[in-house]
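If you're matching them up, the sequences are chains A and B in order. Residues in the first sequence are numbered from 2 upward in steps of one, following the working numbering. Residues in the second sequence are numbered from 73 upward in steps of one, following the working numbering. Heads up, the beta-carbon is just placed ideally off N, CA and C, and yes, glycines get one too. Here the structure is a predicted model, which is why all the values come from computation and not from measurement.
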Amino acid sequence: MGSFIQRLPREKLLRSDVMLSAVIIVLREFLEAALITSVLLAIGRLACFPLRWFVQAIVLGALGAMLLANGFNTISDWFEGVGQEVVNASMLLLAVIFIMLFAQMLVRYLQLSASSAALKSMLCVLATLVIALCLVRELAEIIVYLSGFAVGDQLQPVLIGGALGAGIGISAGALIYYALVNIAGRKRVVICLILLSLIAGGMSSQAALYLIQADWLPAQLPLWDSSALLAEQSIIGQLLYALIGYESTPTAIQLIFYAAVLVMVGCSVFKSFQMAQSQNFGQGLHE
Amino acid sequence: MLERRCVKRPVKPSRLERLRHRIYGVFLLAHLAFFQTTLAQGSETYTIEIRDHLFFPDELQVPAGQKVKLIVYNNDASPEEFESFELNREKVIGGGRKAVIFIGPLKPGEYPFFGEFHPKTAQGKIIAK
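#1: If you follow the beta strand (DSSP E) that residue 153 (chain B) is part of, which residue opens it and which one closes it?
#2: Quick check on DSSP: helix, strand or coil for residue 118 (chain B)?
#3: Output the distance between the C-alpha atoms of residue 200 (chain B) and residue 38 (chain A), rounded to the nearest integer angstrom.
#4: Return helix, strand or coil for residue 141 (chain B), following the three-state DSSP convention.
#5: Is the CB of residue 110 (chain B) under 9 Å away from at least one CB in chain A?
#6: So that I know if they touch, is there some Cβ in chain A lying closer than 9 Å to that of residue 151 (chain B)?
#7: The beta strand (DSSP E) spanning residue 214 (chain B) covers which residue range?
#8: Under 9 Å between the Cβ atoms of residue 85 (chain A) and residue 76 (chain A)?
#9: Please confirm if the stretch 29 to 44 of chain A is in contact with the stretch 163 to 180 of chain A, defined as three or more CB-CB distances below 8 Å between the two stretches.
#10: Only counting runs of 4 or more residues, tell me where the alpha helix (DSSP H) segments fall wholly within the stretch 200 to 265 of chain A, in order along the chain.
#11: Determine the direct distance from the alpha carbon of residue 124 (chain B) to that of residue 47 (chain A), and round the result to whole angstroms.
#12: Just mark residue 94 (chain B) as buried or exposed, buried being the case when its beta carbon has 16 or more other beta carbons within 10 Å.
#13: Could you tell me which residues DSSP pairs with residue 123 (chain B) in its beta bridges?
#14: Who are the near neighbours of residue 171 (chain B) in its chain, counting only those whose CB is closer than 6 Å to its CB and skipping five residues on each side?
#15: Just the Cα atoms here: how many angstroms apart are residue 110 (chain B) and residue 98 (chain B)?
#16: Cβ atoms of residue 125 (chain A) and residue 62 (chain A): under 9 Å apart, would you say?
#17: Taking Cβ-Cβ distances shorter than 8 Å, what residues in chain A pair up with residue 173 (chain B)?
#18: Using a beta-carbon distance below 9 Å, is residue 205 (chain A) in contact with chain B?
#19: Taking only three categories from DSSP, how would you classify residue 75 (chain B)?
#20: How many Å lie between residue 217 (chain A) and residue 255 (chain A) at the Cα?
#21: Which class does residue 184 (chain A) belong to by DSSP, given the choice of helix, strand or coil?
#22: Under 7 Å Cβ to Cβ from residue 92 (chain A), same chain only, skipping five residues before and after it: list those, please.
#23: Do we get a CB-CB distance below 9 Å when we pair residue 31 (chain A) with the residues of chain B?
#24: Assuming residue 167 (chain B) contacts residue 148 (chain B) (C-beta within less than 8 Å), just tell me the rounded distance between them.
#25: Near residue 260 (chain A), what residues of its chain come up, given a Cβ to Cβ distance below 8 Å and the 5 sequence neighbours on each side ignored?
#26: Taking a contact to mean a Cβ-Cβ separation below 9 Å, would you say residue 26 (chain A) touches residue 166 (chain A) in this structure?
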């Protein structure tokens, strides 16, 4: 291999490496937000949420991320050095609770014979909060990462790489959105709710992992190791981790968190499936 | 559509039965939750240092089968993220700060970790024995 690679000057080699790492780091963060954003946007289009909700979510997320990145060092020292884990886990669990409420309210909203403005605005608020919470976590890490390169000659490749990674992440989200939007109204709700339950499950198991890392939840040996089937480091593994929280070595507590949330949001899936068969469905739909 | 209306509803379990089922469920969950949990009286502490985007030591030996407390000192001016897929841990450490990370219990073996912000240089592994 070595003879095929022309020896690049030291500066060039480092710049492309740095750019590639920046692409991967920013892409991973954006992918985590991509699926939940696309699913909520697809539902929002179906139930005619005013687009303003999404803009507000982005602004809120960006502001929150700047706050979090600013107070990063202070927060890390909270709770005897595990403040970062506690804050991240809290944001994840809060998002999970909001997703559960969203799923329940969506099913109720679609059952109504006349569209309820109060319920719709509540759904918009929940969607805004969920996206904002995801963005705060992800953008804060990106801001902290970028701040490390503020001084020096590596800022440019990092910014370019970051922009590339963000572009790829957003494109992936757009792809998912258009795939969802092309599904007919009734099936779309069911599929979106299934995706929401997987996303929420992944978030709750990630929260459990943070708490285990902080020693707030007991440490355990993992129940299995599926890296032979699908390594977490592989591209598909990383994709599945970002989208639905795939872990190759999960512990029992993580699985319990995942399963519990899956069941709770899954109840809404069943209700929506039943409804999709009935005549009443579609009062809240506009497509 | 007609068949659905003719299906008999199952008899609802009594309140006492439901309570019993719930208690069984909670016990099962608690048993699963603490499956293979290590109740360490106090976990051993190990330190790793980050300097010039490198880990010192880059190979750390820890006892297998017990929870281990890792303190990572970041002596660089810029933040670094301690990450490991095998250990399932990731934490951002600010410049000039220290971070507390709990790992384990680990089966005997090698567990590589890396600095996500500078992955080409910051690499190391934990050896559980």
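Looking at the coordinates:
#1: 152 to 156
#2: strand
#3: 40 Å
#4: strand
#5: With a pLDDT of 47 at residue 110 (chain B), under the threshold of 50, the modelled position of that residue is not reliable, and the figure given next carries that caveat. At least one chain A Cβ lies under 9 Å of residue 110 (chain B).
#6: yes
#7: This structure cannot settle anything about residue 214 (chain B), because the visible part of chain B is limited to 73 through 201.
#8: yes
#9: yes
#10: 236 to 245
#11: 52 Å
#12: exposed
#13: B:126
#14: Excluding sequence positions up to five before and after residue 171 (chain B), its CB lies within less than 6 Å of the CB of 144, 163 and 165, all in the same chain and listed in chain order.
#15: In this prediction, residue 110 (chain B) scores a pLDDT of 47, lower than 50, which makes its location untrustworthy; no coordinate-derived value is stated.
#16: no
#17: 214
#18: no
#19: At residue 75 (chain B), the pLDDT of 47 sits below 50, so the modelled position is not reliable and the matter cannot be decided from this model.
#20: 13 Å
#21: Residue 184 (chain A) falls in the coil class under three-state DSSP.
#22: Contacts found: 134, 137 and 138.
#23: no
#24: Right, the Cβ-Cβ distance comes to about 6 Å (below 8 Å), so this counts as a contact.
#25: 202
#26: yes
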